[in-house]
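For reference, the structure discussed in these notes is given below.
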Amino acid sequence: MAQKPSIPKGTRDFSPNEMARRNYIFDTVKRVFQLYGFQQIETPAMENLSTLMGKYGEEGDKLLFKILNSGDYLSAVNSEELTASNSSKLTTKISEKGLRYDLTVPFARYVVQNQNDIVFPFRRYQIQPVWRADRPQKGRYREFYQCDVDIIGSDSLLNEVELIQIVDHVYRFLGLKVVIKINNRKILAGIAEAIGEAERIVDITVAIDKLDKIGIDKVNEELIHKGVTHEAILKLQPILHLNGSNTEKINQIERVISMSSTGLQGIKEVRTIFNYLSGINLESEIELDLTLARGLNYYTGAIFEVKSKDVEIGSITGGGRYDDLTGIFGLSGVSGVGISFGADRIYDVMSQLDIFPKDAMASSKVMFVNFGEKEECYCLPLLSCLRQAGISSEIYPDSDKMKKQMVYANRKGIKFVVLAGESEIEKGMVNLKNMETGEQQLISVTELVIALKV
RNA sequence: GUGGAUGUAGCUCAGCUGGUUAGAGCGCUGGAUUGUGGUUCCAGAGGUCGUGGGUUCAAGCCCCAUCUUCCACCCCA
Numbered sequence: 478m479a480q481k482p483s484i485p486k487g488t489r490d491f492s493p494n495e496m497a498r499r500n501y502i503f504d505t506v507k508r509v510f511q512l513y514g515f516q517q518i519e520t521p522a523m524e525n526l527s528t529l530m531g532k533y534g535e536e537g538d539k540l541l542f543k544i545l546n547s548g549d550y551l552s553a554v555n556s557e558e559l560t561a562s563n564s565s566k567l568t569t570k571i572s573e574k575g576l577r578y579d580l581t582v583p584f585a586r587y588v589v590q591n592q593n594d595i596v597f598p599f600r601r602y603q604i605q606p607v608w609r610a611d612r613p614q615k616g617r618y619r620e621f622y623q624c625d626v627d628i629i630g631s632d633s634l635l636n637e638v639e640l641i642q643i644v645d646h647v648y649r650f651l652g653l654k655v656v657i658k659i660n661n662r663k664i665l666a667g668i669a670e671a672i673g674e675a676e677r678i679v680d681i682t683v684a685i686d687k688l689d690k691i692g693i694d695k696v697n698e699e700l701i702h703k704g705v706t707h708e709a710i711l712k713l714q715p716i717l718h719l720n721g722s723n724t725e726k727i728n729q730i731e732r733v734i735s736m737s738s739t740g741l742q743g744i745k746e747v748r749t750i751f752n753y754l755s756g757i758n759l760e761s762e763i764e765l766d767l768t769l770a771r772g773l774n775y776y777t778g779a780i781f782e783v784k785s786k787d788v789e790i791g792s793i794t795g796g797g798r799y800d801d802l803t804g805i806f807g808l809s810g811v812s813g814v815g816i817s818f819g820a821d822r823i824y825d826v827m828s829q830l831d832i833f834p835k836d837a838m839a840s841s842k843v844m845f846v847n848f849g850e851k852e853e854c855y856c857l858p859l860l861s862c863l864r865q866a867g868i869s870s871e872i873y874p875d876s877d878k879m880k881k882q883m884v885y886a887n888r889k890g891i892k893f894v895v896l897a898g899e900s901e902i903e904k905g906m907v908n909l910k911n912m913e914t915g916e917q918q919l920i921s922v923t924e925l926v927i928a929l930k931v
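Residue 478 is where the first sequence starts when you use the working numbering, and the numbers rise one by one after that.
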């Protein structure tokens, strides 16, 4: 007996119903991106490992899917290296390509390669799958789609504001209540500086990022464990206890980190952004969250994270400013800012809340019942007519029992059924049945198009 | 990568301290209704219990391995 086929861990098939709903998300995201003047690009599923490695921190490198070289991939390896069982060293010999881990780094690579043809500031969007060799769990897949929007080649904080508006716009269209959390890496750097641990910024931010999840005691524990001095941790406490409105928080933190010029720069940026936002009507809640860190280490300024207010699933959108991502590829002095919508998580949230529009399931609006060859010939021109009029329609391909055909139409959610048998043909009419109400009316062929056009 | 759960019919799940022929609901197929679905009634099909080993007179149940899914950690969309 053949073994049951399966797909790799953390990957999924999408049924027609799921695709209809996924496309609903992609379409709205796309519509908003275009509304804000962004242009679409695509990049290959695989990149050279040299492009990918070292861009996502230590953890990121581990999560890269690597592609075995084609052909005799062992030919470049000598027996010594083979028996050394040093997998990371061997990897570089037998694999030189990897699946993309996000869309931002390939985008930076694209910008550098095409810098002469790009009109800056470049507003691009990109909707493609990415792959991470993570262990799957709720809302975490090994293959998932990101919908990225980035503006590259401009320092203006107006771009941050644009992205926030896009986020608000998308979630308003999708009908999701979200909170947009904002922070700034420069403020985090300022904090590290202020407590005399500038070197440990990564450890510190990673630890305080967990504040609302594990509590202040555990955070302090972790900091001690990471080797942060007791004195520094003491200095950090007031920062962890910040509360109040966004402006109150800014004012408080400003006092704490006033000796750090980087920190003050971050404060200034955040203030500017909030100032812009004050004049704009947003539906989403905007929260300055000084514990927001985000793992990707190429962020240098603003960082964003969006969480659903109704479903606990981690962030559904995230991003930030990166001042020199293209520098690694040989084009320095180009700053960009972008965000990424996690389509799969948005899907999970919307499924759980059951807020997909009912008609997201695309199928024919009309089905012609098949009564036999003669009747088929009568129906075919009518079918073309409907399609010309933009009404999606189909004819049942076999003259099966009527019950079977009706069940088919019913299960596919087809709203109307056209019955054109011997008696209808004689009169030059058709019977149009509404599958929801069960009503049926005998109408002429011209009336058919009008009745369905609505 | 670390730790913990899970897998029984197409789906959701029962299945006692190991003991004959493994059950239910929904779905599916056929019929009541040969030109009318979604409601009702009747009948029927469908499982080598994730996979591979082991213990036992006897394994869905116990042990080991492996895979899947899920949960926590790490990290992240």
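Using N, Cα and C, we set each Cβ at its ideal position, and we do this for glycine too. Because the structure is a prediction, the values reported are computed rather than measured.
- As the crow flies, the alpha-carbon of I710 is around 28 angstroms from that of V783.
- Taking a 10 Å sphere around the C-beta of L665, we find 16 or more other C-beta atoms and assign the residue as buried.
- In the displayed model, G692 falls within a helix according to three-state DSSP.
- By the C-beta density criterion, H646 is buried, having at least 16 other C-beta atoms within 10 angstroms.
- For D877, no pairing in a beta bridge is given by DSSP.
- Unbroken beta strand (DSSP E) runs of no fewer than 3 residues, entirely contained in the region 650-694, are found at 655-661, following chain order.
- Judged by beta-carbon spacing, G575 lies within the 8 angstroms limit of M523, meaning their Cβ atoms are closer than that value.
- DSSP, read as helix, strand or coil, puts K842 in coil.
- Judged by beta-carbon spacing, I744 lies beyond the 8 angstroms limit of I763, meaning their Cβ atoms are not closer than that value.
- Taking 8 angstroms as the cut-off, the Cβ atoms of V626 and I816 count as close.
- In this structure, DSSP gives G575 an extended state, which the three-state scheme calls strand.
- Three or more beta-carbon pairs separated by less than 8 angstroms link the region 512-532 to the region 581-590, which places the two stretches in contact.
- K784 carries a strand assignment under DSSP once its states are collapsed to helix, strand and coil.
- With a contact defined as Cβ atoms closer than 8 angstroms, A684 and E670 miss out at about 16 angstroms.
- In this structure, R577 keeps its C-beta atom at 8 angstroms or more from the C-beta atom of V596.
- The residues L653, D787 and V788, in chain order, have a CB closer than 8 angstroms to that of L830 in the same chain once the five nearest residues on each side in sequence are set aside.
- Q511 counts as exposed, since fewer than 16 other beta carbons sit within 10 angstroms of its beta carbon.
- Looking at K507, P715, P858 and A610, the one whose alpha-carbon comes closest to that of L540 is A610.
- Sixteen is the threshold: since fewer than 16 other Cβ atoms of the shown chains lie within 10 Å of the Cβ of K880, the residue is exposed.
- By the Cβ neighbour-count rule, C854 is exposed, with fewer than 16 other Cβ atoms within 10 Å of its own.
- Counting along the chain, the unbroken alpha helix (DSSP H) around P493 starts and ends at P493 to L512.
- Looking from the CA of S870, the closest CA among I891, K878 and M883 belongs to I891.
- Within the same chain, and ignoring the five residues on either side of T739 in sequence, the residues whose Cβ sits closer than 8 angstroms to its Cβ are K663, A666, G667 and E670.
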